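Take the sequence shown: its position 191, counting from 1, is numbered 221 in our numbering, and each next residue is one higher.
All C-beta atoms, glycine included, are put in the ideal place defined by N, C-alpha and C.
Computed from a predicted structure; not experimentally measured.
These notes are about the structure you will find just below.
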Amino acid sequence: MGSKSYTCAMCKRKFRRKWNAFRHNTTVHSDLGKIVFDSTNLSGLPNSSKAAKHSRQNKFPKFKNFQPIRESLDYEDYLDNIILEEFNKIDSKIMKIIGQMIKPYLELEESLNYMNKNDKAIALTKAFSSSMLSYNPVKSLHEIAERYRANTGLKIIAQYWSQANNITIQQAAALVENAIMNSSLIHRINN
Numbered sequence: 031m032g033s034k035s036y037t038c039a040m041c042k043r044k045f046r047r048k049w050n051a052f053r054h055n056t057t058v059h060s061d062l063g064k065i066v067f068d069s070t071n072l073s074g075l076p077n078s079s080k081a082a083k084h085s086r087q088n089k090f091p092k093f094k095n096f097q098p099i100r101e102s103l104d105y106e107d108y109l110d111n112i113i114l115e116e117f118n119k120i121d122s123k124i125m126k127i128i129g130q131m132i133k134p135y136l137e138l139e140e141s142l143n144y145m146n147k148n149d150k151a152i153a154l155t156k157a158f159s160s161s162m163l164s165y166n167p168v169k170s171l172h173e174i175a176e177r178y179r180a181n182t183g184l185k186i187i188a189q190y191w192s193q194a195n196n197i198t199i200q201q202a203a204a205l206v207e208n209a210i211m212n213s214s215l216i217h218r219i220n221n
C-alpha cells in the first residue's frame, strides 16, 4: 500500500488519505492551496483493474460528439479566453485571501478604537503590510490582532489598578504582568 494518491499543489507534499491532505491545506496554507488527486497512481484504490478503468472511460460513448472543440475558435479569441481564465483564477484567490483576512482585520480595527483616525489608519496599514510579508498572512494578522487586544486589555487593567492604588500606570502595568506571571495558569502552562 506504499502509494500516495493526493498531492498538495503548493508544496508538492504527498498524502495517502484525502482528509490528511485537506487538513494540511487548511493548517499550513490557510486553505489557499489545491489538493490534486493523482489519477496515475490507482494501485491502492478499489476497482483498479483494467476492466473497471475501461468501463469508467466508456460510460457515455453517445455523448462524445457533443464535446466542445477548441479548434473552432479563432487564435486571438483563444488567447483572450486563456488570459480571462487566468485573471479569474487570480481574482478568486485574492477574494479567498481577503475573505480569510477580514475577520482578524476587523478584530484589529475594533481593538484600535481608542486611537484617532490617522493613527488607526497607519497601524492598520502597517499590520496588513507586515502580515502580507509573512509565510502565512492570515495567521500573522490574527497574531497581530491578538497582540493589540492584549495590550489594550493590559492598559485598561493597569489604569484601574493605578486609580485604586494611587500609583502610575507604568507601575500598575508591571504589577499586573507580575500577578499574571505568578498565577496558577502560567504554572500549569509551563508544566
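Can you check whether the CB of residue 60 is closer than 7 Å to the CB of residue 166? yes
Can you tell me which of the three DSSP states residue 96 falls into? Only weak support is given to the placement of residue 96: the predicted model assigns it a pLDDT of 47, under 50, and the value that follows is read from those uncertain coordinates. In the structure shown, residue 96 sits in a helix (DSSP, three-state: H, G or I).
Pick from 149, 183, 38 that is closest to residue 207, judged by C-alpha positions: 183
Excluding sequence positions up to five away, which residues of its chain have a Cβ less than 8 Å from the Cβ of residue 39? 63, 64, 65, 66
Are the beta-carbon atoms of residue 171 and residue 134 separated by less than 7 Å? yes
When 179, 126, 199, 35 are compared against residue 144, the one with the closest alpha-carbon: 179
To the nearest angstrom, report how far apart residue 153 and residue 128 are at their CA atoms. 18 Å
Separation of residue 188 from residue 200, as counted between CA atoms: 8 Å
Does residue 157 pass the burial test, meaning 16 or more other C-beta atoms within 10 Å, or should it be called exposed? buried
Candidates 148, 146, 174, of which the one nearest residue 159 by Cα: 174
Beta strand (DSSP E) containing residue 178: first to last residue? Careful: residue 178 lies outside any beta strand (DSSP E), inside the alpha helix (DSSP H) at 167-195.
Rounded straight-line distance, which links the Cα of residue 68 to that of residue 181: 48 Å
Is residue 155 helix, strand or coil by DSSP? helix
Three-state secondary structure assigned by DSSP to residue 198: coil
If you run the structure through DSSP and keep just helix, strand and coil, what is residue 147? helix
Quick check: the Cα distance between residue 203 and residue 192, rounded to an integer number of angstroms? 8 Å
Backbone CA spacing between residue 219 and residue 212 [nearest angstrom]: 12 Å
Would you kindly report the start and end of the unbroken alpha helix (DSSP H) that includes residue 48? 48-59
DSSP state of residue 132 mapped onto helix, strand, coil: helix
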